[in-house]
Structures are given as structure tokens and as C-alpha cells.
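Per this note's numbering, residue 722 is the first one in the sequence shown, and the count goes up by one each step.
Reading through the C-alpha cells given below for one structure.
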Amino acid sequence: MVQVAGRNWAPIVQDFEKVLGKSQVVRRKEELLVYECDGLTSYRQRPAVVVLPRTTEQVAAAVQICDRYQIPFVARGAGTGLSGGALPLEDSVLIVTATMRQILQVDLDNQKVTVQPGVVNNWVTEAVSGAGFYYAPDPSSQSVCSVGGNIAENSGGVHCLKYGVTTNHVLGLTVVLPNGEIAQFGGDLSEMPEYDLTGLFVGSEGTLGIVTEITLRILKTPESIQVLLADFTSVEAAGAAVSAIIGAGVVPAGMEMMDNFSINAVEDVVATECYPRDAAAILLIEIDGLAGEVAATGDRIRSLCQKNGARSVTTAVTPEERLRLWKGRKAAFAAMGKLSPDYYVQDGVIPRTRLPQVLQAIEALGEQHGYRVANVFHAGDGNLHPLILYNNAISGQLEEVEALGGDILKLCIQVGGSISGEHGIGADKRCYMADMFTADDLDTMGWIRLAFDPLGLANPTKLLPTPRTCGEGAKAAIHSSLSTVERF
């Protein structure tokens, strides 16, 4: 990353104002406070300047200015990310796409929608639901998170078990590269005769450029939907039920698990009156498809849950009943605010068959470190979201919960899993990349990044570990040729 001490911002701000207009350039310190962090609020850094482009051309003009002055820039959408991916850097420009909120085209015949990156996730479904379509990826923050941020982090959601994560629903992208050039990746078709640059870009966390237009695949609304709630007297039994369902060849649209701690937190705040407070764990299982198929699959899932120790299994069929069951799960993160002033969430992935053992290990780690951990996760694909409760006002607690979170990530790797399923790496997990990937793997990622961004201006210090960002431990783990990547 280029380092410039004592930069004179006056001419740079004037250049931004010429191409964007004064109302789209934020420079006052008190206004910059709004942008000093994303959803990972424990990390904060005020940017030097914030710009608010509204078109692809304005994004390109802003990036060209950064390229000319060799200024690091960070892209930000709605700011709901949980890994510090949109965390500004000192002496950087924050390029915020939240004002790029147009749905540019709706093509129902070809089942696609083209949007700007500031369009809120749920708006896509709202735009096409009247015609019997919907957009499948549905992060818990879907009512506020933006599609551009979903692209950056390759977000998932409840329905990723059956329908996949964001990358499975992206046909094409318009991208501003780190030098300000505008490029097209993919197109209107599912398969294009080219390198899969769309697949490479989705999940790249703003390190390869900024997306400015996205063509998304939409799906027909299922004929029938059911949601089953099964409650268990042990987490192990719930985990066994998950394995039994998938092992029987049944792939629900979504399958979520919540432990007793999370159940009671949700009921205290949301009061769904659906979740049994004395259950050790519950499963929320959604199935969709043709009416006859859904009915038969629902019966089969009910039987499998009961064989694996479910005390009861209830079924929601109407939209109102289904919404009531899902309301608590969608609000689980927010409900933790009732129990603790702060929480630190991780995003590891494990094989489904290891759920019981890993949950026991997480509980033991929490006791060892002295912190309560609530577990809410996408059980169907083994994507854990342990929520570690703490008080950031107490000196030293943040560092302690970060250490606990790191132990949980290392545990996920040890059982054959991953350090992220949908939240990304950002600033939070970059130092654990060397635990998961070999030196050659990291070197290759660095070369790809270098090809797109030779000056290292696009979201520097994120995603990949470097000796500068991760200290001596990372330095020892990374190939000596990482000096090529160090500029990031």
C-alpha cells in the first residue's frame, strides 16, 4: 500500500467536487464519524474523505482521482458487514455506493434483474414478487443490506442450503477496476465463453475493484412452502437429526438451528411464543416445491426428527405462520443486545456430521475463556455463527473475545471446515488465512490481486495476511515471496 505522509487534501477534494458535486463529497469530521466502521463496530477508523457517487461513470471518475494521487480507497455499501471489510484506513477515501439505488431493468421473460449496488437485497424480491418471482439469497440483514455488499462478501442466508450463495445467482457485473477503467464480466447468460471473472470477483471483498451494476438471476415462487419447527432436549440430538435429513437425500430450502441461550434471548425480545424455552435446541426447516412434493417431504422430515429425539414437530403453512416462525431467527443477532452491551460474532463452517462435537468444544472454549457463547447457525450447511457476549467498556475484554473467536476458527479448520461461510475475511480474520491455506495458496491469491491492482490501492490490508498486518506469526507462515503481496 502506498504511504503518503502529510498529504494536502485541498486539491484532491476539489477534484472530487468537480466530478461529483459538492453535495456528494463528505469532508467535515463530525460527518465522517458515520463511516468509521461497518457492522464490526469494535474496529474504527475515520476516513479522510467520503464520496457518494450515483453512476458507474462517477465511480470511475472517483477511482481515477485515487489512482492519479495514489490514494488508497475502500468501497462501502450499507455498512452491515461483520468482518471489517468496509473499515476505512487512515489517509484513505471511502467510496460509498449507498446512493446508487436504481433497479435498472426487470426482465421477467429471461428471469433476470439488473440493479445498482446500493439496492437493498429485499427490494429485488419486492420488485418481482407480484409477477410470481423472487431473489433467493436472503441474509438475515436482507431488509437493510445492499446487493453490492452481498457481492463483495458472497453473502448467503437461510436459503443457501438448497439455492446456493450470492455467486450462484449473479449473471453479469459492471466493474470499475482499481485504475478507473470500466469492465464487463459475465453477461445475460448463465454460461459465457470466457474466464469466469464474475466468479472471481464475487467474494473478493473490494480488493479487485468496485461493482456498479449487477445482473441477478430470479426464480419462480414455489407453489407450496412449509416451515417445520422441531425441538430437542439435547444439541446432540438436533445435530443428529440434521445429519439424518441430509443423509436421507432430502435437501430443504433452509435448515437453521438455535441453542437454548439463543431461544430465550429471542423470546425475551421478539416474543414469538413459538419457541419452547426449555428446549436445548430447535431446528427450523423450510421446504418448498410442488404441493404434493412438499407434503410428502414434510412427513418424511417429521419422521426423521422424531426418530432422532424430537419432542415435538409443528408445521407452519400460511405466510403469517411461516413469518412468525422465522421472525425470531432473523432477529437473533439483535436480540443479544438485551443480554449484553456488545457481542462478537464469528462465521466458521464445519462438516455437518461434526456439529455435536464442535458445539461441545465451543461451550468448553467459552468456559475456558470465561465468556458466554450463544449459537445460531445454518445447520444444513454447517455454517456456525457463535455470538460471544462481552462488554467493550471493560479494558481487555475485546482482546480476550478476539482470542476466543480465533480459537473457534482454528477449531473449524481442525475438523475440516473453513473460517468463513458468508461474512468474509475483511480485517477481522485475515491473520487466520495462513492457518487454512498454504504459502503457495496465499502467494497465488496475491498474484491475482496484483494483476488487478498493481498499486495496491483497492481496500488494502484486507483479506490477505501480511507481516505488517499480522505480525511475526504470520510472517513465519507466509512464503518469502510474499513481498510481492506486501504492498497490499
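All residues carry an ideal CB built from backbone N, CA and C; glycine is no exception.
Close beta carbons around residue i, own chain, < 6 angstroms, minus the five adjacent residues each side
i, result
"A864", "Going by the sequence as given, residue 864 is Ser instead of Ala. N843, listed in sequence order."
"Y884", "A857"
"L1203", "Model confidence at L1203 stands at a pLDDT of 34, short of 50, so the residue's coordinates are unreliable and nothing is read from them."
"V886", "N875 and G877"
"P860", "C866, S876 and G878"
"T846", "Y855 and Y856"
"L1132", "A1082"
"L1105", "G1069 and F1098"
"A783", "V772, P774 and I816"
"G869", "G798, T818, P838 and V932"
"G1194", "Low per-residue confidence applies at G1194: pLDDT is 43, beneath 50, and the placement is therefore not dependable enough to give any value."
"G1147", "S804, G805, G806 and K1183"
"V725", "Confidence at V725 is low in this model, with a pLDDT of 46, below 50, so the placement of that residue is unreliable and no value is reported for it."
Bounding residues of the alpha helix (DSSP H) (the contiguous stretch that carries residue i)
i, result
"I935", "Segment I931 to R938 is the beta strand (DSSP E) holding I935; no alpha helix (DSSP H) there."
"Y1064", "That residue, Y1064, is in no alpha helix (DSSP H); its beta strand (DSSP E) goes D1063 to V1066."
"S867", "Taken as a continuous stretch (DSSP letters only), S867 belongs to no alpha helix (DSSP H), as it is neither H nor E."
"R728", "Looking at the DSSP string, R728 is not in any alpha helix (DSSP H), and its letter there is neither H nor E."
"Q1135", "Q1118 to Q1135"
"Q779", "T777 to Y790"
"I1083", "L1076 to H1090"
Residues bridged to residue i (per DSSP)
i, result
"F1098", "M978 and L1105"
"T1035", "L950"
"Y855", "L940"
"I824", "V836"
"Y1111", "D1063"
"V746", "V772"
Closest by C-alpha distance to residue i, when choosing among the options
i, options, result
"T1159", "E915, H1144 and L1185", "L1185"
"L929", "S911, A961 and L894", "L894"
"R797", "G927, V987 and V840", "G927"
"S804", "N871, V845 and I1006", "N871"
"E1143", "C1026, V923 and G853", "V923"
"Q766", "G802, S813, N729 and E1084", "S813"
"K941", "S925, I931, L1011 and A873", "L1011"
"V1136", "I1071, N1096, E1084 and G869", "I1071"
"R822", "L1105, T835 and L741", "T835"
"A1100", "L1130, Q1118, G1069 and S1116", "G1069"
"A799", "V827, L825, G839 and L829", "G839"
"V963", "E988, Q1027, P943 and G1013", "Q1027"
"Q832", "E944, T1182, S911 and T1187", "S911"
"G727", "A769, T762 and G742", "A769"
"T762", "T801, E751, V740 and E778", "T801"
"G1138", "G1117, G1103, D1164 and L1163", "G1103"
"R1023", "P1040, L1004 and G1013", "L1004"
"A1055", "G742, L882, S862 and Y764", "S862"
"G1030", "M978, G960, V780 and Q1118", "G960"
"V1038", "Q947, L1119, L1046 and A965", "Q947"
"P943", "P1040, I824 and L950", "P1040"
"N889", "S850, M913, R938 and G1013", "R938"
"A1002", "G1013, E977 and I903", "E977"
8 angstroms Cβ shell around residue i - same chain, five flanking residues per side excluded
i, result
"I1109", "Y1064, Y1065, V1066, Q1067, G1087, Y1092, R1093, V1094, V1122, L1125 and G1126"
"A1000", "D952, F953, T954, N981, I984 and R1032"
"L1178", "M722, V723, C787, D788, Q791, I792, P793, F794 and P899"
"H1090", "E1121, V1122, A1124, L1125 and D1128"
"G908", "L892, G893 and T936"
"K1048", "V991 and T993"
"E988", "E994, Y996, R998 and G1049"
"V1084", "The residue you asked about is not Val; residue 1084 is Glu in the sequence shown. Around E1084: V1094."
"M1157", "I1134, S1139 and I1140"
Distance cut-off 8 angstroms: residue i Cβ against heavy atoms of the ligand SAM
i, result
"Q735", "Looking for the ligand SAM in the displayed structure turns up nothing, as the structure carries no ligands at all."
CB contact below 9 angstroms: residue i versus chain C
i, result
"V990", "Looking at the structure shown, chain C is missing, and only one protein chain is on hand."
Contact set for residue i: own chain, Cβ-Cβ below 7 angstroms, skip 5 residues either direction
i, result
"Q785", "G901"
"V771", "V747, L753, Y756, L815 and V817"
"T1018", "V971 and I1008"
"T738", "It is worth fixing the name first, because residue 738 is Glu in this sequence and not Thr. Around E738: V746."
"L1130", "Q1067, G1069, I1140, K1150 and Y1153"
"N1180", "V795, A796, E926, G927 and T928"
"M1166", "L1185"
"A1216", "Nothing about residue 1216 can be read from this structure; the chain reaches only from 722 to 1209."
Beta strand (DSSP E) segment containing residue i, residue limits
i, result
"V836", "K833 to V836"
"F794", "F794 to R797"
"E1007", "A1002 to G1010"
"F906", "I903 to G907"
"G893", "V891 to V897"
"L815", "V814 to V817"
"V772", "V770 to V772"
Review point. Any contact of the segment 799 to 818 with the segment 757 to 777, i.e. 3+ C-beta pairs under 8 angstroms?
Key: yes
Check your understanding: Three or more C-beta pairs closer than 8 angstroms, one from the segment 995 to 1011 and one from the segment 906 to 926: is that the case here?
Key -> Using a Cβ-Cβ distance cut-off of 8 angstroms, the segment 995 to 1011 and the segment 906 to 926 are not in contact, since fewer than three pairs of beta carbons, one from each stretch, lie closer than that value.
Check your understanding: Taking one C-beta from the segment 1069 to 1080 and one from the segment 955 to 965 each time, how about it: are there three or more such pairs within less than 8 angstroms?
Key -> yes
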